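Following: one structure in structure tokens, then a few remarks.
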Amino acid sequence: MKYAYYPGCSAESSASAYDATSQMVAAALGLELEEIKDWNCCGATEYFSIDSLPAYALVARNLALAGRQGTSEVIAPCSACYVNLKKVDERMGDYPQLNSDVNEALAAGNLSYTPGSVRARHLLDVICNEVGCDAVSEKVVRPLAGLTLVPYYGCYIGRPEGGFDDVENPQTLDRLLKGLGATVPDYSLKSSCCGGHMTQIGTEVALGILRGLIDLAAKLGADAMVVACPMCQLNLDVYQNQLNSHFGTTYRMPIVYFTQMMALALGMEAAELKFEEGLVPAGPMLEKWQAAEASPQPRKKKSKKALPMPEPLDGGDSG
Amino acid sequence: MKIGVYTCHCGGNIAGTVDCEAVTEWAGRLDGVEVSREYKFMCSSLGQELIEEDIKEYGLDRVVVASCSPHMHEPTFRNACQRAGLNPYFLEMANIREHASWVHKDRSEATEKAMALTAASVARVRYNEPLFARLSPVNQNTLVVGGGVAGIQAALEIANAGYHVYLVEREPSIGGHMAQLDKTFPTLDCSACILTPRMFEVGNHENITMLTYSEVEEVSGYIGNFEARIRVRARCINQELCTGCGVCEEKCPAKVVDTIFEAGLGRRKAVYRPFPQAVPKFPVIDQDNCIWFQKGKCRACEKFCPTDAIDFEQDDRILEIEVGNIIVATGYDAFDARRISQYGYARYPNVFTALEFERMTNAAGPTEGNVVLRDGETQPDSIAIIHCVGSRDVRYREHCSRVCCMYSLKFAHMVHEKLPNATVYNFYIDIRTPGKDYEEFYHRLLEEGTVFIRGRAASITDATLTPEEEGKLIVTAEDTLVGRQRRIPVDMAILSTGLEPRHDSHEVARIFSISCSREGFFKERHPKLDPIATMTDGVFIAGCAQGPRDIPDTVVQGAAAAARVLSIIGKGEVEIEAAKAEVNDLTCVGCQMCIESCPYSAIEHLEERQKARVIEALCKGCGTCVAACLSKSITLYHFTDQQLVAQMRGAMDALFELVPA
């Protein structure tokens, strides 16, 4: 299937590694991505708080452009872009007045958008639910065995309720990483907030949040935290030094995109996957992986006295 | 035609919003009305006498009572008519309470509507025809569905009165949820100790046919004359030979987690009795997990059985029985705690459900009564009990499950008793203790030192912030008494899961032709005055199938349902409603649309004549077939086209007169 591709602003700066590996992985999986011509910023979270109509129009323009290209689904790798695209499409459908106001604005650029005509998808959703984690797993040539990877979804995936994964305990990224051969612990902060732009408003609060996230990952023995959002990556990576000096900690947790890890497992060369763009070096993690590739580890045995553990509920359900 | 119209004030219920005097005066001027009166309570004996005297004095041949819903008092006024020598079907009610005074605020508009409704009934009643109820004999057998404490109580009451009972239970043993519990609140009686004598009594009662591992598949018929088809599932045990010695269970190599009786906390064999005091004593072979049934080898049980009682060839049996009354007491399901993912059940090993904890504290349970963590060894130093899991939550179940506060208190007490040094936290919204000696039990727990935190728990997490939290589960909540967020580190969390309708309650309701609330609890005939009967005569409900309740209330309702059944058996015959449908043979084309439309399976197809025929005894007079019939061949007595058109015309004419264009 052909998808419109909406890279988002960060793809051109801080998250160019995400952009590049997203396209590499998509190509390897046979997903046809066609970048939206002349796309613009989604307005992030701020614009909606400042002036909502232009904010809606800004996002709707991208949907309109995607529709004009003849695609009915648009893939965004960035969680914030994804949520904005989805939100604007839904709200325009729910509120006729908003719909006509936005379309009036779009008309100035000879564009129009019918709510519901272009479906916003997160790249993670398309890979796990359209391609399928099993199909991805079958394509793995160099399993990520020996690596403990913590899946960190951030707060946008699954929110608001009714998205493609559970709000409190999402599973897609867990399944994907397991399919790549990694050890994936149950990371209970997986859908907590990374602080977003709190780093600019209340650094103390943001650093506390980030410390909690990295601390739990480190306790679980993570070799890296795997993210699906440029904002999460930026906060966890860029502020790691600062929080170390603030709290007197010594974390060196690589923050990598799931597409980078997929590309590795699919056999692409690490050198081409822009790991060096992260401020915390991913080198030690990659070396550990290469060393572990030869020697698989034995599994621990359970005590005989242990009581049975309930089976998890398939699919999750939060209301 | 001489019509009498009686407008009821219902105290202030009607008169508070409707000008009853105006309605009375206006109705008096309607065509054919001989006398029009108002009275404070028409349903009182004085009110009824008023009607009776007027019938005699004025020679009334039709009566209209403008009052409440016919569900309430139609029988009352029909009887009054009958006593005065008037056919009861010459009565018509205008519902000016539920349809006017209770649903409107504006006095003049409510009064106009009451007038129109009254006029409609006056216009209709002149076309009412005399009808005669039929008597039908009552079969003295009773079907009780569900072998929990509600069903046990009902079955014993009826059997002890000398009548036969078929008690059907889905599981291999009777006992229900109560058999799983350790202690009962607030008296702390051992649940099994008080229940098992009743179970044995059922098992040995000469008037009770106990059908366990069985399900009712189909019910037809009507009050006094039901037929039920029951599937008795194959136990693969010859009950004539089995002594219940338990060797098969001991030798069986297939072990599975027991998600029913042990609530997932323990294991059982593929051939098993759910618990040692099971009634009947015979085990069952669980074919889904039996190695012989799955892989075609093993038969260890057969080899070791000293009486050759294992019978792999056994098939399900279908039993057809005839009964006069049915009591549905199918119980509840515990809320599935996995649905609230922020509480981490099935994620963090040391989060347990209430039923798991019941089994844990039970001396006969998987841990022999020891309170331990999921590793089976470590005793917890601190335990959080989270109230209202799935209850009082619009995202899951809006209702209060009524028993969770009390069993949570009981859990706290059990922990204090077994682990005196452990700290127990109760996270609650409100403490609800409405029952005899319940509040006293709460006070006792306050003195025992349980920590009560008023605040619905927000989450349970293993993400720690401080060294003290390390290795613990952190319960987060807003403490609404202190007014701040709290994080309480504990070793174990117990989720006080609510009670919800059985997952298949809608399907079960269909089988018994009863209805469910939106949630799935069975609907009673009247929430206040008849919480035992259903809208289907002869089918009664008892226990948690109707709504969450504790053991005493369940026992009361089981006994009450039995009393209702006994009164029907005692009377010996039942009156069958006369408002029935009838098929006109001359115009019926035998298309069978009516048969498909009938919710009570009350229409049969006469093959040889290619005609439909209404089985009078089954027909409830709902009228669905009348609407479905393509050739207009069905008449519903007491709801004929003529009567309904007159009723509508009466209302319309009144509105034309009353409401200015």
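Chains as they are written, first to last, in the working numbering: chain A, 5 to 323; chain B, 542 to 1202. In this text, a Cβ means the ideal position worked out from N, Cα and C, and glycines have one as well. Keep in mind it's a predicted model, so treat the numbers as computed, not measured.
How would you call A660/B, buried or exposed, if buried means at least 16 neighbouring beta carbons within 10 angstroms? buried
Q) Quick one: is P285/A buried, meaning 16 or more other Cβ sit within 10 Å of its Cβ, or exposed? A) exposed
### Sequence-distant residues of its chain with Cβ nearer than 8 angstroms to T75/A (five each side left out)
K6, Y7, A8, E38, V122
**Asked** Does K143/A have its Cβ less than 8 angstroms from a Cβ in chain B?
**Response** no
With a threshold of 6 angstroms on Cβ separation, who are the neighbours of D602/B within its own chain once the five nearest residues in sequence on each side are excluded? K543
- Query: Taking C-beta to C-beta, are N830/B and A878/B nearer than 8 angstroms?
  - Reply: no
Exercise. Kindly list, in the order they appear in chain B, the residues whose Cβ is closer than 7 angstroms to that of A310/A.
Key: R915, D916, G917
State the CB to CB distance for the pair C866/B and I1109/B, rounded to an integer number of angstroms; the pair is presumed to be in contact (CB under 8 angstroms). A small correction: the amino acid at residue 866/B is Asn; Cys does not occupy that position in the sequence shown. N866/B to I1109/B, Cβ: 6 angstroms. Contact.
Quiz item: From this set, V666/B, F726/B, G552/B, which residue's C-alpha is nearest D1091/B's C-alpha?
Solution: F726/B
Report the CB separation of G906/B from E803/B in whole angstroms; it is logged as a contact under 8 angstroms.
7 angstroms
Query raised in the report: What distance in whole Å lies between the Cβ atoms of E712/B and P815/B, which are believed to be in contact at a cut-off of 8 angstroms?
Result: 7 angstroms
A664/B (DSSP reduced to helix, strand or coil): helix
Using DSSP bridges, identify the partner residues of G545/B. V576/B, V604/B
Worksheet entry | Delimiting residues of the alpha helix (DSSP H) encompassing G1099/B | 1092-1112
| If A568/B and V604/B are in contact, beta carbons under 8 angstroms, what's the gap, nearest whole angstrom? | Not really, about 12 angstroms apart at Cβ, beyond 8 angstroms.
For a minimum of 4 consecutive residues, which ranges assigned as the alpha helix (DSSP H) are wholly contained in the segment 694-771 of chain B? 732-745
Leaving out five residues on either side along the sequence, give the residues of the same chain with a beta carbon under 8 angstroms from the beta carbon of S1138/B.
T1165, C1166, A1168, A1169
Please list the segments of the alpha helix (DSSP H) lying wholly inside the segment 19-59 of chain A, counting only runs of 4 or more residues, in order along the chain.
20-33, 50-54
task: Quick one: which residues of the segment 222-250 of chain A get their C-beta closer than 9 angstroms to a C-beta of chain B? List them in chain order.
output: K223
How far does the alpha helix (DSSP H) with F1206/B in it extend, from its first residue to its last? What the structure shows of chain B is the stretch from 542 to 1202, and residue 1206/B is not part of that stretch, so it cannot be assessed.
### Query
If you draw a straight line from the C-alpha of C13/A to the C-alpha of G47/A, how long is it?
10 angstroms
Hey, how far is the Cα of H640/B from the Cα of A664/B?
-> 18 angstroms
What three-state label does DSSP hand E1009/B in the structure shown?
helix
Given that M313/A touches chain B, what residues does it touch there, using C-beta distances under 8 angstroms? A887, P890, R915
> Between A269/A and the rest of its own chain, which residues show a CB-CB distance below 7 angstroms, the 5 nearest in sequence each way excluded?
Replying inline: V144, R146, P147, L148, L184, G185
Query raised in the report: Around the C-beta of S83/A, are 16 or more other C-beta atoms found within 10 angstroms, so that it is buried, or is it exposed?
Result: buried
### DSSP beta-bridge partners of I1082/B
V869/B
Would you please state the rounded distance, in angstroms, between the beta carbons of P155/A and V230/A? I believe it to be under 8 angstroms.
5 angstroms
Neighbouring residues, chain A, relative to Q1026/B (Cβ below 8 angstroms): Result: empty, since nearest Cβ-Cβ is about 14 angstroms, beyond 8 angstroms.
Next item on the list: Leaving out five residues on either side along the sequence, give the residues of the same chain with a beta carbon under 7 angstroms from the beta carbon of T489/B.
Entry: Coverage of chain B is limited to positions 542 through 1202, which leaves residue 489/B absent and any answer about it impossible.
Which of the three DSSP states, helix, strand or coil, is assigned to L1177/B? strand
- Ignoring anything shorter than 4 residues or poking outside the segment 1120-1179 of chain B, list the alpha helix (DSSP H) runs there in chain order. 1134-1138, 1165-1169
* To do: Kindly identify the DSSP beta-bridge partner or partners of S923/B.
  => T964/B
*asked:* Which same chain residues end up closer than 7 angstroms to G319/A when comparing Cβ atoms and leaving out the 5 residues on each side of it in sequence?
replied: Confidence at G319/A is low in this model, with a pLDDT of 48, below 50, so the placement of that residue should be treated as unreliable; the coordinate-derived value is given next. There are no such residues.
Reduced DSSP secondary structure (H/G/I, E/B, other) of C929/B
strand
Q.
Run through the DSSP bridge pairs and tell me what Q1026/B is partnered with.
A. E1019/B
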